[in-house]
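Listed in order, the protein sequences are those of chains D and X.
Read the first sequence against our numbering and you will find it ends at 1698, with the numbers running on by one and no gaps.
Read the second sequence against our numbering and you will find it ends at 1698, with the numbers running on by one and no gaps.
C-beta atoms are modelled at their ideal positions from N, C-alpha and C, and glycine is treated no differently.
These notes are about the structure you will find just below.
Number of protein chains: 2
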Amino acid sequence: MADTSSRLLKLLSLLQTPREWPGGELAERLGVSRRTVRRDVERLRDLGYPVEAMRGADGGYRLVAGTAMPPLLLDDEEAVAITVGLSTAARQPVRGIEEASVRALAKLERVLPSRLRYRVRSLSGATVPLPGSAGDDVDPELLTVLAGAIANGERVRFGYQAGDGTDSARHVDPHRLVSARRRWYLLGHDNDRDDWRIFRIDRMRDVTPTGGRSTPRDLPADDAAAYVAGKLYSLVPTYAADVVLGAPMAELAARVGSDVGELSPIDERTCLLRCHGDTLEWLAMRLTALGCEFEVREPPELVEHLRALAARLTRATTASPDARPFTTDAPDRPQISPVV
Amino acid sequence: MADTSSRLLKLLSLLQTPREWPGGELAERLGVSRRTVRRDVERLRDLGYPVEAMRGADGGYRLVAGTAMPPLLLDDEEAVAITVGLSTAARQPVRGIEEASVRALAKLERVLPSRLRYRVRSLSGATVPLPGSAGDDVDPELLTVLAGAIANGERVRFGYQAGDGTDSARHVDPHRLVSARRRWYLLGHDNDRDDWRIFRIDRMRDVTPTGGRSTPRDLPADDAAAYVAGKLYSLVPTYAADVVLGAPMAELAARVGSDVGELSPIDERTCLLRCHGDTLEWLAMRLTALGCEFEVREPPELVEHLRALAARLTRATTASPDARPFTTDAPDRPQISPVV
DNA sequence: TGGTATAGGTCAGTTCTTGACCTATTGGTG
DNA sequence: CACCAATAGGTCAAGAACTGACCTATACCA
């Protein structure tokens, strides 16, 4: 009966509010007798959602953590907040739950009322881009489209710009989304080339599901993520940095996230940081953000980059504040660094 | 009837998967006849959740966006992903939906099965701290406790370390959570001092709801967020920066998020950036991340900070790579910059 | 044009739900 | 310590709803 079901949902939604509900108030809100409220609570418990009841004066009902995840009943603002949160999470994925984030985002986006969509769009445009990832940010919507196609077993068609700049149209059976090195990749079977390929998602254009079913194939490896990571290692240049930090390891441990790099102690006052990064900008930012003295051993490119940065900072602070800036055309002054 | 309701929920959960479901398969999965599936779909539509049906061969049912937000049925991984996403979102709140994010997080945390909690905890520890906010990160759990107390109208008790370092115990009727200047604040009525106070949440300890009801009071202003922002303006020092950027405004517009500052053009090759920040580290990072030439006009503290940073970078790159670093004890070398 | 999918009407038997009334139990308060 | 207010749960009868079986209409694809 639609009446009972909708009442149960309404009850769940009330109970998800962080407060206690006396039975009488619930009965009034739901338009039924108190006895029915008790029965509804029993029904929810049967469904696996533990409703806790405080007996005695000013007792009441409240939903507590159980073994199953109850259906989340969100109001408009919460739905928007979650969508925005997941969109930004997709831009800076957290190891181990990248795909689940995208799945959850896809779920949400499919049912998000249109009046909320524009709010999401205007809000997620306001996120601060991080250095090293500027320009080649992935559109979260693209991710959800691909996630949907993968789950649905649908073939997709898109335009792809390869690393050497050549454009081509692709027909691909999408297989898995993998995020590695702060970028998103699609592992799929290229039907025209009849082989497995890895595509950088920020280089894909006009992705459209064709409607055709993709043929199930065995993975080229046991673990798709490992496969992609391995291929990338030989394809994408990566900088491995080797830096001596002028502070005790204990002091820095909290500031160095696990995805930044590994710390090892040298003595009481210094320690060694080994980290990887695909752009020099990213490495430079991580290092300056540490706020301590440091000394770069490897790679020379990073030394060079930091020198250029230091020079830029010096120029930024030495010009006289009254003079019109940049009047002398110094041809060797770098303009905006190209997007990598 | 629990049977029908749970079947409806199961159906909703199936339909939230990004694929099409033919009626026959749904009937099989739900253990009912196809006619009942059709009726269940009708029930869902009555509840306001639009189920789209594709007729014809290989048609099927799918849930589409409607006017109401359907209950979200998440699997374990998705629940973890959303919780982690919201936790990090609470650390770097997005203007306009700060409170909704916390509300949604509170909702989730209250019902999150315990087996998922430890996964959330281990994952959210891996987030990268940003410069300028290091050390005084807010614990998202604290936010959800406060959000719950506010919604429940419960009085809270906590220890607070004021700006001058003095400790005190507080009894407060919590009123609103406000995030401003990349920090979280609690606006509440301090019962011992009988006045409205603003608390920095990262300075609160041992927050516990006392169980006592907080007495409803009128806000000291129409808009709590504006009230807090106004008070902060007179309490917390803020740097207003004035920077000339050596690149056309059009090129930079995408890189300057709306919360970074306002751009205005000077000529075809340069533009002006006016921005605010509560720490010099934050301002310095934003500026260097732009990747273009720039020139700081104001404030002098920022110029000083950037000079020191440039000097640090120079030291980091000029030491001979073979020599043991930091052998000479230069007393004027700053150690880790204190947490602001 | 044929096959397969959804859409929806009707009917009878079964099952479930609801509210009213009842008692038991628990926890805080005066 | 007794009282009160809250949850917990049993039972009953009337009513309502659900289900599956059968039917036809309709749309889409190959």
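Check                                                                                                                             : Outcome
Stretch pair the region 1575-1593 of chain D + the region 1502-1515 of chain D: three plus CB contacts closer than 8 Å            : no
Residue closest to V1602 of chain X, alpha-carbon to alpha-carbon, out of X:R1561, X:R1477, X:L1645                               : X:L1645
Residues of its chain near T1596 of chain D, where Cβ-Cβ distance is below 6 Å and the 5 sequence neighbours each way are ignored : H1634, D1636
Alpha-carbon to alpha-carbon, L1500 of chain D and A1519 of chain D                                                               : First, the amino acid is wrong: residue 1519 of chain D is Gln here, not Ala. Roughly 16 Å between the two C-alpha positions.
Contact with chain D by P1578 of chain X, beta-carbon distance below 8 Å                                                          : no
Reduced DSSP secondary structure (H/G/I, E/B, other) of V1556 of chain X                                                          : The displayed chain sequence assigns Ile, not Val, to residue 1556 of chain X. Three-state result, I1556 of chain X: strand.
Interface partners of R1566 of chain D on chain X, CB under 7 Å                                                                   : One point to set straight first is that residue 1566 of chain D is Thr, not Arg, in the sequence displayed. Under the 7 Å cutoff, chain X gives no residues; its nearest Cβ is about 15 Å from T1566 of chain D.
Continuous beta strand (DSSP E) stretch holding P1567 of chain X: start and end                                                   : 1562-1571
L1388 of chain X versus R1563 of chain X: straight-line alpha-carbon distance, rounded                                            : 50 Å
Bounding residues of the alpha helix (DSSP H) (the contiguous stretch that carries V1442 of chain D)                              : 1434-1449
Reduced DSSP category for P1532 of chain D - H, G, I as helix; E, B as strand; rest coil                                          : strand
Beta carbon proximity, D1434 of chain D to chain X, threshold 8 Å                                                                 : yes
Contact list for K1465 of chain D against chain X, beta-carbon separation under 9 Å                                               : Q1374, T1375, P1376, L1430, L1431, L1432, E1436
Best match in D:A1599, D:A1538, D:M1643, D:E1639 for proximity to T1631 of chain D [C-alpha to C-alpha]                           : Correcting the residue type first, residue 1631 of chain D is Leu in the shown sequence and not Thr. Of the listed residues, the one whose Cα sits closest to L1631 of chain D is D:A1599.
A1527 of chain X, buried or exposed, once every other Cβ within 10 Å from all chains shown has been counted against 16            : exposed
Local conformation of D1548 of chain D per DSSP, three classes                                                                    : strand
Identified DSSP bridge partners for Q1519 of chain X                                                                              : X:D1525
Residue-level contact to chain X via CB, P1689 of chain D, 8 Å cutoff                                                             : Reliability fails at P1689 of chain D, whose pLDDT of 39 lies under 50, so the model's placement of it is uncertain and the value that follows must be treated cautiously. Taking Cβ atoms only, chain X never reaches closer than 8 Å to P1689 of chain D, which makes this a no.
DSSP-derived helix/strand/coil call for Y1407 of chain D                                                                          : coil
Under 7 Å from the C-beta of S1364 of chain D: neighbouring residues of chain X                                                   : L1405
Below-8 Å beta-carbon distance, V1395 of chain X vs any chain D residue                                                           : no
Contact with chain X by I1556 of chain D, beta-carbon distance below 8 Å                                                          : no
Residues from the region 1449-1460 of chain D in contact with chain X, defined by Cβ distance under 9 Å                           : Q1450, V1452, R1453, G1454, I1455, E1456, E1457, A1458, S1459, V1460
Validate contact between the region 1427-1435 of chain D and the region 1413-1432 of chain X using beta carbons, cut 8 Å, 3 pairs : yes
Cα-Cα separation between H1547 of chain X and P1567 of chain X, rounded to whole angstroms                                        : 14 Å
Whole-angstrom distance between R1541 of chain X and R1481 of chain D, CA atom to CA atom                                         : For the sequence presented, residue 1481 of chain D should be read as Leu rather than Arg. Those two C-alpha atoms are separated by around 19 Å.
Alpha helix (DSSP H) segment containing L1667 of chain X, residue limits                                                          : 1658-1676
Presumed contact (8 Å Cβ cut-off) between K1465 of chain X and Q1374 of chain D, rounded CB distance                              : 5 Å
The region 1622-1643 of chain X: positions lying closer than 9 Å to chain D by Cβ                                                 : I1624, R1627, T1628, E1639, A1642, M1643
Buried/exposed call for S1363 of chain D, threshold 16 Cβ in 10 Å                                                                 : buried
Local conformation of L1431 of chain D per DSSP, three classes                                                                    : coil
Cutoff 8 Å: S1491 of chain X Cβ touching any chain D Cβ                                                                           : Residue confidence is low: S1491 of chain X scores 48 on pLDDT, short of 50, so the model does not pin down where it sits. Its coordinate-derived value is still stated next. Output row for S1491 of chain X: interface = no.
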